[in-house]
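So the sequence lines, in the order shown, correspond to chains A and B. Position one of the first sequence corresponds to residue 1 (the working numbering), numbered consecutively onward. Position one of the second sequence corresponds to residue 1001 (the working numbering), numbered consecutively onward. Ideal placement from N, C-alpha and C gives every residue a C-beta, glycine not left out.
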Amino acid sequence: MPPDARARLLDRQRALLRSVLEGAAPPQGLDAERLKRVAATLHDKRVRSQCNAVRPVQRGRDSALHRWWRRVFGRGG
Amino acid sequence: MRLPAGIGIAWRRETAWLIQCRPDLVFSEVLAENVDPRDPPAPLAALLERGTPLIPHGVGLSLGGAEALAPARLEHLAALAQVLRAPFVSEHVAFVRAGGLDSGHLLPVPRTREALRVLIENVQQAARTLPVPLVLENIATLFEWPENELSEAEFLSVLFEETGAGWLLDASNLYANVKNHGWDLDAFLERAPLERVAYVHVAGGSVADGLYHDTHAHPLGEGPLAVLERVLRRTGPRPVLLERDRNFGGRRELEAELSAIAEVVGHAA
């Protein structure tokens, strides 16, 4: 694979990410409105990922799920 | 190793109880990035003792990315596959990061011959590192690259032919692309390399502002289920996994969805 191919692909992918993550102009040929929808979806998913990362602590250890978990497996959850 | 035809549900902390109570589920799948191979959650060990196959499912390799694969991510997947004694590992036909930016989610690869060569090289590199075969999932996309040269079916056919990878056919992602991009489902299925299907995903989604989103957070609708039925009519029975990541509902709701999937798998026999 010629290095140019990876370089060209990297340019397109980086331009897309700059558009949907940083609000830069869309890569050539892509619709700005559609990319705004992509950006909104990515934002939602990133927020949810952050919530999921701390979820076991935030939800507490006394939920029905955690009680079941401790009863069956004895630890964690 | 091939998985037996049947049904499963993705392993999450919220679904662990259901999987534990349902020895008839033929397999499950764990989000690879959420499991530490040095200290896997206790219920996974219980499932392994029971003989339930567990598939590590990665979302962060960025196999379709222009940059080199991250060795640490590959090593994590490999270690998890060994700890879980997995028959294979699954990932996505997608890119996640480029040029120091990380989307945190799966984005489509341009379906050009040039991008396909890059993807094939990356998949081949991953396959050399992983101790088990690699299975690749088609993704749902909210946009299509204007430079696309190949149809999705053509793109996947070359990818699987040249890498030897299996196909994790996501019926809900396919439904989303049919709805959002006007793909012809029958034409896709006619040309797609269905003989490579190792297992199938299905999940619920919702429509927002005229676009279908594969949310994994809504009840399984008739649309994805109909696509599943049309896929299995052509492939015959396959292992089918229900994905749910949020809004799990109660046991009755999940059991009803599993029953609906089981019925479709049964009809394909």
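Where does B/LEU1181 land, buried or exposed, given buried means 16+ other C-beta within 10 angstroms? Here residue 1181 of chain B is His; the residue named in the question, Leu, does not match the sequence. Answer is exposed; the Cβ neighbour count stays below 16.
Could you tell me which uninterrupted alpha helix (DSSP H) segments, each at least 4 residues in length, are contained entirely in the segment 1134-1197 of chain B, listed from first to last along the chain? 1152-1163, 1171-1181, 1185-1191
Taking beta-carbon pairs under 9 Å, can you tell me which members of the segment 1098-1126 of chain B lie near chain A? ALA1098, GLY1099, GLY1100, LEU1101, ASP1102, SER1103, GLY1104, HIS1105, LEU1107, VAL1109, PRO1110, THR1112, GLU1114, ALA1115, ARG1117, VAL1118, ILE1120, GLU1121
Strictly below 7 Å CB to CB, what residues from chain A border B/GLY1065? GLN13
Are B/VAL944 and B/LEU1211 closer than 9 Å when you measure CB to CB? Since the displayed chain B opens at 1001 and closes at 1269, residue 944 of chain B lies outside it and no answer follows.
First through last residue of the alpha helix (DSSP H) which encompasses B/ALA1078: 1071-1083
So, under 8 Å CB-CB, B/LEU973 and B/GLN1125 are touching, yes? Tell me the CB distance rounded to an integer number of Å. Outside the shown range of chain B (1001 to 1269) lies residue 973 of chain B, about which nothing can therefore be said.
Who are the neighbours of B/HIS1076 on chain A, taking C-beta pairs under 7 Å? The premise fails here: B/HIS1076 is roughly 16 Å from chain A at the closest Cβ pair, so nothing lies under 7 Å.
A/ALA40 versus B/VAL1093: straight-line alpha-carbon distance, rounded: 22 Å
Per the DSSP calculation, B/VAL1200 is bridged to which residue(s)? B/LEU1169, B/VAL1240
Scan the segment 1141-1162 of chain B for residues whose Cβ lies nearer than 8 Å to a Cβ of chain A and list them as they occur along the chain. LEU1142, PHE1143, TRP1145, PRO1146, GLU1147
Alpha carbon to alpha carbon, what distance is there between A/HIS43 and A/ARG34? 14 Å
Does the beta carbon of A/ALA25 sit closer than 9 Å to a beta carbon anywhere in chain B? no
From A/PRO27, A/PRO3, A/ASP4, pick the residue whose C-alpha is nearest to that of A/GLN13; which is it? A/PRO27
Please report whether the beta-carbon of B/HIS1201 lies at a distance below 9 Å from any beta-carbon of chain A. no
Taking 7 Å as the limit between beta carbons, can you name the residues of its chain near B/ALA1081, skipping five residues before and five after? PRO1056, VAL1089, LEU1130, PRO1131, VAL1132
List the residues of chain A that B/LEU1211 touches, going by C-beta distances under 7 Å, in chain order. ARG37
For B/GLY1266, which of helix, strand or coil comes out of DSSP? helix
Can you find a CB in chain A that lies within less than 9 Å of the CB of B/PHE1188? no
Could you spell out where the beta strand (DSSP E) holding B/SER1028 opens and where it closes? 1028-1031
Report the neighbours of A/ALA5 on chain B: residues whose CB is nearer than 7 Å to its CB, in chain order. GLU1114, ARG1117, VAL1118
Relative to the C-alpha of B/GLY1099, which candidate in A/ALA5, A/ARG18, A/PRO3 has its C-alpha closest? A/ARG18
In the DSSP assignment, the beta strand (DSSP E) including B/ALA1208 goes from what residue to what residue? 1206-1208
Rounded to the nearest angstrom, how far is the Cβ of B/LEU1242 from that of B/TYR1199, given a contact under 8 Å? B/LEU1242 to B/TYR1199, Cβ: 12 Å. No contact.
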